[in-house]
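Engineer: Residue numbers (my numbering), protein chains in the order written: chain A, 691 to 879; chain B, 310 to 530. The beta carbon of each residue, even a glycine, is placed where N, CA and C say it ideally should be. Quick one: this structure, given as structure tokens, is what I'll be asking you about.
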């Protein structure tokens, strides 16, 4: 029972992380865009998600979507919510990474004749990625911890198992603390 | 017109829930900062045991989800004879959880002060305590205040998780309203989100303003 939940936790965190990174990079690029509309849409997205708790977003999407007629499995809903939530934080991280690259790089590549996309792809993003890597690792740790909240929507992940066992005997909740603690050790290494 | 009815019925309850949320955030926030400063100083202590205990504390509270911490504090501790009610557990856990993050921030702030300051202070004959009080802390505080405001925002959002233990904060009120009335969940939860937004967004503004103010003083040195 624990093993299945463990695997579930890792899968959902992993998949959400993957999509959140994509969302984050796109969002980061949008936030530095000169186009007012794109910039504002991205800003509104990031600010609204960062100002509301994950649990509220969970309730909103999990209870609200079926009301609109869209029904997903708990797995997919969980991925959607985690992706949207963490994507906002990753957007900020990516944006700060891109802005940390000195202007000379931009000037140099433009003077060579690269267009915006080539410059981003070959010069800016690789450097930004290296700068933001520590922050990204920290954020993925947060993602794994946040995935525990998904137990609320009955997804069989670690916390849910803990809940379930808790109704019969409480001690295993501690064994579960050790498990979560072990992940943090991984990140400290 | 249905939506206006929903608004009229639910907003009073949501306001009460927000008050609880704000109250919880304030108290745990203040405690978290206090615990965090102490924890951060302990982390830099020269006494091994103190350093070790504070490291352990920070690792535990940062490495586990808030929900698990709440569950353990509320459900597991009674087996060891320590019983708290929902208010005590949430304030306590939120304070210790936030305190762990603040400790790391304080530690990073202290470490950001160049070693030369420490050496100069010690060579002047200051005791370590005096050094901390007069030289290091005033400079470190300038560095650590913006991230601490960020942590406080996270704390406000953390209060929402306490709804799963039974505290009637904004989230729980929203959820009960939806369950009790079967009205449009989308509208009600959007209202909840809006209320949280109204609470947190000004904090973000506040933090950028503080950053600007602090940076001005830094430059004038």
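Residue ranges of each beta strand (DSSP E) run of no fewer than 3 residues wholly in the region 318-384 of chain B, ordered along the chain?
Structural biologist: none
Engineer: Nearest to residue 331 of chain B by CA position, among B/383, B/351, B/400, is which residue?
Structural biologist: Considering only alpha carbons, the answer is B/400.
Engineer: Contact criterion: CB-CB distance below 9 angstroms. Does residue 746 of chain A meet it with respect to chain B?
Structural biologist: With 9 angstroms as the cut-off, residue 746 of chain A counts as an interface residue toward chain B.
Engineer: Output, in chain order, the set of chain A residues within a Cβ distance shorter than 7 angstroms of residue 494 of chain B.
Structural biologist: 753, 754, 757
Engineer: If you follow the alpha helix (DSSP H) that residue 459 of chain B is in, where does it begin and where does it stop?
Structural biologist: 446-467
Engineer: Are the region 455-463 of chain B and the region 423-439 of chain B touching by the rule of at least three beta carbon pairs closer than 8 angstroms?
Structural biologist: no
Engineer: With a cut-off of 9 angstroms, does the C-beta of residue 490 of chain B fall near any C-beta of chain A?
Structural biologist: no
Engineer: In this structure, how does DSSP classify residue 801 of chain A when only helix, strand and coil are distinguished?
Structural biologist: helix
Engineer: Below 8 angstroms on the Cβ atoms is my contact criterion, and I expect residue 771 of chain A with residue 751 of chain A to pass it. Report the Cβ-Cβ distance as a whole number of Å.
Structural biologist: 5 angstroms
Engineer: Going by CA-CA distance only, name the one from A/705, A/707, A/832, A/737 that's closest to residue 514 of chain B.
Structural biologist: A/737
Engineer: Closer than 9 angstroms, Cβ to any Cβ of chain B: which residues of the region 764-786 of chain A, in chain order?
Structural biologist: For the region 764-786 of chain A, no residue has a beta-carbon sitting nearer than 9 angstroms to a beta-carbon of chain B.
Engineer: Look at the alpha carbon of residue 335 of chain B and the alpha carbon of residue 767 of chain A, and state the distance between them as a whole number of angstroms.
Structural biologist: Just so you know, the alpha carbons of residue 335 of chain B and residue 767 of chain A end up roughly 32 angstroms apart.
Engineer: Using the three-state DSSP reduction, which class does residue 435 of chain B fall into: helix, strand or coil?
Structural biologist: coil
Engineer: Do the region 744-764 of chain A and the region 483-500 of chain B touch if we need at least three Cβ pairs shorter than 8 angstroms?
Structural biologist: yes
Engineer: Verify whether the separation of the beta carbon atoms of residue 415 of chain B and residue 348 of chain B is less than 9 angstroms.
Structural biologist: yes
Engineer: Consider the C-beta atom of residue 471 of chain B and the heavy atoms of the ligand ZN; say whether any pair is separated by less than 8 angstroms.
Structural biologist: As presented, the structure is devoid of all ligands, the ligand ZN included, so that no description of it is given.
Engineer: Check the Cβ of residue 480 of chain B against every Cβ in chain A and list those closer than 8 angstroms, keeping chain order.
Structural biologist: 743, 745, 746, 749
Engineer: Can you pull out the residues from the region 802-834 of chain A whose beta carbon lies closer than 9 angstroms to at least one beta carbon of chain B?
Structural biologist: 831, 834
Engineer: Between residue 720 of chain A and residue 760 of chain A, what straight-line distance do the alpha-carbon atoms span, to the nearest angstrom?
Structural biologist: Near 28 angstroms, if we compare the C-alpha coordinates of residue 760 of chain A and residue 720 of chain A.
Engineer: Tell me which residues share the same chain as residue 823 of chain A and place their Cβ nearer than 6 angstroms to its Cβ, disregarding the 5 neighbours each side in the sequence.
Structural biologist: none
Engineer: According to DSSP, simplified to helix, strand and coil, what is residue 390 of chain B?
Structural biologist: coil
Engineer: On the DSSP letters alone, give me the boundaries of the alpha helix (DSSP H) that residue 536 of chain B sits inside.
Structural biologist: Outside the shown range of chain B (310 to 530) lies residue 536 of chain B, about which nothing can therefore be said.
Engineer: Check whether chain B comes within 9 angstroms of residue 730 of chain A, counting only Cβ atoms and requiring the distance to be less than that.
Structural biologist: no
Engineer: DSSP three-state call for residue 724 of chain A: helix, strand or coil?
Structural biologist: Three-state result, residue 724 of chain A: coil.
Engineer: How big is the Cα-Cα spacing for residue 821 of chain A and residue 775 of chain A?
Structural biologist: 22 angstroms
Engineer: Examine chain A for any beta-carbon lying closer than 9 angstroms to the beta-carbon of residue 467 of chain B, and answer yes or no.
Structural biologist: Residue 467 of chain B counts as touching chain A.
Engineer: For chain A, find out if any of its Cβ atoms is closer than 9 angstroms to the Cβ of residue 352 of chain B; answer yes or no.
Structural biologist: no
Engineer: Please determine if the region 703-717 of chain A and the region 823-836 of chain A are in contact, where contact requires at least 3 C-beta pairs separated by less than 8 angstroms.
Structural biologist: yes
Engineer: Are the beta-carbon atoms belonging to residue 764 of chain A and residue 717 of chain A less than 9 angstroms from one another?
Structural biologist: no
Engineer: Is residue 743 of chain A helix, strand or coil by DSSP?
Structural biologist: coil
Engineer: Does residue 409 of chain B get closer than 9 angstroms to chain A when you measure Cβ to Cβ?
Structural biologist: For residue 409 of chain B, no Cβ of chain A is located within less than 9 angstroms of the residue's own Cβ.
Engineer: I want to verify the contact list: residues of chain B whose CB lies under 9 angstroms from the CB of residue 967 of chain A, in sequence order.
Structural biologist: No answer is possible for residue 967 of chain A: it lies beyond the span of chain A, which begins at 691 and ends at 879.
Engineer: Could you list which residues in chain C have their beta carbon closer than 8 angstroms to that of residue 738 of chain A, in chain order?
Structural biologist: The structure shown contains no chain C; its protein chains are A and B.
Engineer: Can you tell me whether residue 505 of chain B is buried or exposed? The criterion is at least 16 other CB atoms within 10 Å of its CB, across all chains shown.
Structural biologist: buried
Engineer: When DSSP labels each residue in this structure, what does residue 761 of chain A get in the three-state scheme?
Structural biologist: DSSP places residue 761 of chain A in the coil class of the three-state scheme, outside both helix and strand.
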